[in-house]
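Asker: This structure is in structure tokens; I'll ask about it shortly.
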Amino acid sequence: MIRSELIQKIADENPHLYQRDVERIVNTIFEEVIEAMARGDRVELRGFGAFSVKKRDARQGRNPRTGESVPVEEKHVPFFKTGKLLRDRLNGE
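Taking full-length UniProt numbering, the leading residue of the sequence shown gets 1, the next gets one more, and so forth.
Written out as structure tokens, the structure reads:
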């Protein structure tokens, strides 16, 4: 499901809301999650999961073409851990 499909589904299920308002709501939610993660905060949606940022330390990598050793800088990557409700639903429990 992509963002536009999510917006359309919410708008269809809530005919009293204008589509532009639903779009603004969905975009605001995503922006808040992104901003919180950019600050290094954890975002938890009960039953769904938790978004966090993990730090990857600098290391020595290898160029797969030449086998030459190259430095890889420290970086931060997004991480998602599923909630129990979502995990149980995916596994048919």
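Quick reminder that beta carbons are idealized off the backbone N, C-alpha and C, glycines included. Just so we're clear, the structure is a prediction, and the values are computed from it rather than from any experiment.
Just curious, the alpha helix (DSSP H) that residue 73 is in, first and last residue?
Answerer: Note, residue 73: premise wrong, no alpha helix (DSSP H); not H, not E.
Asker: Measure the C-alpha to C-alpha separation of residue 75 and residue 16 and round it to an integer number of angstroms.
Answerer: If you take the alpha carbons of residue 75 and residue 16, they lie about 44 angstroms apart.
Asker: Can you tell me the Cβ-Cβ gap for residue 51 and residue 37, rounded? I've got them flagged as a contact below 8 angstroms.
Answerer: Yes, they are in contact, since the Cβ atoms of residue 51 and residue 37 sit about 6 angstroms apart, within 8 angstroms.
Asker: Would residue 53 and residue 78 be called neighbours here (beta carbons separated by less than 8 angstroms)?
Answerer: Yes; because the gap between Cβ atoms is below 8 angstroms, this pair is in contact.
Asker: Would you list the one or two residues that DSSP bridges to residue 119?
Answerer: The question about residue 119 has no answer, for the chain in this structure spans 1 to 93.
Asker: Let me confirm a value: residue 22 is counted as buried when at least 16 other C-beta atoms fall within 10 Å, else exposed. Which label applies?
Answerer: Looking at its Cβ environment, which holds 16 or more other Cβ atoms inside 10 Å, residue 22 is buried.
Asker: So the alpha helix (DSSP H) residue 20 belongs to, where does it begin and stop?
Answerer: Residue 20 -> alpha helix (DSSP H) spans 19-38.
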